[in-house]
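Everything below concerns the one structure shown next.
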Amino acid sequence: MNRRAFLALAAVTPLARWLPAFGTPAEKGARQLRGDIAIIGGGVGGIACALAAARRGLRVLLTEEYDWIGGQLTAQAVPPDEHPWIEEHGSTRSYRLFRTKVRQFYRQHYPLTEAAQKEARLNPGQGNVSRLCHEPRVALAVLLEMLAPHLAAGRITLFQPFRPRRVEMDGDQAKAVEGMTRWSDRLVLEAPYIIDATETGELLPLARMEYVTGAESRRDTKEPHAPAEAQPHNHQACTVCFALDYHPGQDHRIEEPPQYRFWREYVPQLQPRWPGRLLSWDMSDPRTLKPRAVTFHPTEPGPKGRLNLWTYRRILFAGHFTPESGIRDVCLVNWPQNDYWLGNLYDLPPEQAQRHWLAACQLSLSLLYWMQTEAPRPDGGHGWKGLRLRGDITGTEHGLAMAPYIRESRRIRAVFTVTELHVGVDARAQWLGKKPGEFTAEKFPDAVGTGSYRI
3 MNRRAFLALA AVTPLARWLP AFGTPAEKGA RQLRGDIAII GGGVGGIACA LAAARRGLRV
63 LLTEEYDWIG GQLTAQAVPP DEHPWIEEHG STRSYRLFRT KVRQFYRQHY PLTEAAQKEA
123 RLNPGQGNVS RLCHEPRVAL AVLLEMLAPH LAAGRITLFQ PFRPRRVEMD GDQAKAVEGM
183 TRWSDRLVLE APYIIDATET GELLPLARME YVTGAESRRD TKEPHAPAEA QPHNHQACTV
243 CFALDYHPGQ DHRIEEPPQY RFWREYVPQL QPRWPGRLLS WDMSDPRTLK PRAVTFHPTE
303 PGPKGRLNLW TYRRILFAGH FTPESGIRDV CLVNWPQNDY WLGNLYDLPP EQAQRHWLAA
363 CQLSLSLLYW MQTEAPRPDG GHGWKGLRLR GDITGTEHGL AMAPYIRESR RIRAVFTVTE
423 LHVGVDARAQ WLGKKPGEFT AEKFPDAVGT GSYRI
């Protein structure tokens, strides 16, 4: 990345793109539209909600902040994190249709080998994290295809880009959302039902609704593993993802990022203790929290039994495509090594949130530069200078994802909240006075959940 691209990065951050340089919204009259339901946020959840409503004949007003709809799957450039039973059960009909269409897209438009064409459960990237590691642009194409008939019929109207600025309330009832478009036009969306499908719960503070962030206290939730006092700023890390391919014998090294020296020496201050520097092939195991050594090699599998990060979130596997296609492996980098936890991206003054966003970008660029120049190789050498940043994969000039991968949003203070007491094995054993194996998770008549993560 050169300095011009870095300046472009600073100019298109989620905060900078909406600064007053675009004009003063109050100087213009607001355009008003009304529908049956207004969905603010066109990520995975927002799209699912819009499709469900449109299938029932409702007129949907759908918005999205970024140039790509799809949130995690597209603008955030994160392959789907799916539970291990996804091919058999534990998914909705519309999500199964999405997965089928992704595979169909590759079969129809890509030069797959004969063997790959025959794979019923084709995994385009053959990544470890998901049964369907695929490119953000393919997810975008499929989502637009699923929306297309509803857009044509006028059942869904998509406003993009759109950022909410104000929520009109009538007591505890949200009546309308006012937002700003790219050119500072004011747009007011009215509907009997308003859905907050933003990545960070943007409507909650605008509507002055009660919400929580970070870790609630043991007093609030009665959870045995909750902290004694609430920690509202203790958020899960955010990550600015990026895509790479590898060209042996070529030099694709970027310029040294301005914050590289800081991140090169940075040691996370966590409990339990992190094994050492963040930019390292040693990290904490997310299950045991004990030190874990991983490996990285773009052309070889690595030692048996040790995770090769190249294949972990790989979104294109060259072996699936004909040799003359020229398609190489593409690796999506969303690892502990570029998880940013030195600050949060919301509920802060804009200039502070902006600094954290840019620092998270610097961490990702520093990780790339370290891999290109100093990272230890299995053969005893250092760095893979043939690693190439693929901004065309993420749809940006600066090479990183359009949007940060947000793991933790604001959470409304609900009438009822599912807690560790309902789904945690140790907590339920203590609460019910039974042994593990003698009980299941709490059953709710109005909800379905598949637990597969570390609870």
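Sequential numbering of the sequence shown, starting at 3, is according to the numbering used here.
Backbone N, C-alpha and C fix where the C-beta goes; we use that ideal spot for every residue, glycine too.
Check: Between E170 and G73, what straight-line distance do the alpha-carbon atoms span, to the nearest angstrom?
Finding: Looking at the two C-alpha atoms, the distance is approximately 25 Å.
Next item on the list: Please list the segments of the alpha helix (DSSP H) lying wholly inside the region 361-423, counting only runs of 4 or more residues, in order along the chain.
Entry: 393-396
Note to self: Need the endpoints of the alpha helix (DSSP H) that L461 sits in, please.
What the structure shows: The question about residue 461 has no answer here: the residues shown for the chain are numbered 3 through 457.
Item checked: Neighbour-count burial assignment, L291, 16 or more Cβ in a 10 Å radius -> exposed
Next item on the list: Give, in chain order, every unbroken run of the alpha helix (DSSP H) that is at least 4 residues long and sits entirely within the region 97-182.
Entry: 116-120, 138-155
Check: Any chance the region 262-280 sits against the region 357-371, with 3 or more Cβ pairs inside 8 Å?
Finding: yes
Checklist line | Beta-carbon gap between T202 and R412 smaller than 8 Å | finding: yes
Check: Mind checking W386: buried by the 16 CB within 10 Å criterion, or exposed?
Finding: buried
Item checked: Inside the region 232-316 only - beta strand (DSSP E) runs reaching at least 3 residues -> 244-248, 284-286, 293-295
Notebook entry, point to check: Does the Cβ of P447 have 16 or more other Cβ atoms within 10 Å, making it buried, or fewer, making it exposed?
Noted result: exposed
Note to self: Among the candidates T94, R95, Q119, S96, whose CA atom is the shortest distance from the CA of Q106?
What the structure shows: Q119
Check: Which of the three DSSP states, helix, strand or coil, is assigned to A217?
Finding: strand
Notebook entry, point to check: Do you know whose CA, among T442, P250, L280, Q252, lies nearest Y264's CA?
Noted result: According to the sequence as given, residue 264 is Phe; it is not Tyr. Nearest of T442, P250, L280, Q252 to F264, Cα basis: L280.
Check: When the Cα of Y97 is compared with those of L311, Q78, L53, R61, which residue comes out closest?
Finding: L53
Notebook entry, point to check: Counting along the chain, where does the alpha helix (DSSP H) carrying D428 start and finish?
Noted result: 427-434
Check: Are the CB atoms of I1 and E66 nearer to each other than 8 Å?
Finding: The structure shown does not extend to residue 1, since the chain is modelled only from 3 to 457, so the question has no answer here.
Check: Per DSSP, which one or two residues make a beta bridge with Y342?
Finding: C240
Item checked: For C333: DSSP bridge partner residues -> L246, R316
Next item on the list: Go through its chain and collect everything with a Cβ distance to F441's Cβ below 8 Å, but skip five positions before and after it.
Entry: R430, A431, L434
Check: Do three or more CB pairs link the region 341-354 to the region 234-242 at distances below 8 Å?
Finding: yes
Next item on the list: Quickly, what does DSSP pair D349 with across the bridge? List them, please.
Entry: Answer by DSSP bridge pairing: none, since D349 is not bridged.
Notebook entry, point to check: Since A40 and I196 are thought to touch, with beta carbons under 8 Å apart, how far apart are those beta carbons, to the nearest angstrom?
Noted result: 5 Å
Check: Does the region 158-172 come within contact of the region 203-219, defined as at least 3 CB pairs closer than 8 Å?
Finding: yes
Check: Roughly how many angstroms lie between the CA atoms of R255 and D172, to the nearest whole one?
Finding: The C-alpha of D172 is placed about 56 Å away from the C-alpha of R255.
Item checked: L149 versus I158 - alpha carbon distance -> 8 Å
Note to self: Rounded to the nearest angstrom, what separates D428 and G127 at their Cα positions?
What the structure shows: 36 Å
Checklist line | Bridge-paired residues (DSSP) for T65 | finding: Under the DSSP definition of a beta bridge, T65 partners with I42, F161.
Notebook entry, point to check: What three-state label does DSSP hand A18 in the structure shown?
Noted result: Confidence at A18 is low in this model, with a pLDDT of 42, below 50, so the placement of that residue should be treated as unreliable; the coordinate-derived value is given next. A18: helix per DSSP, three-state reduction.
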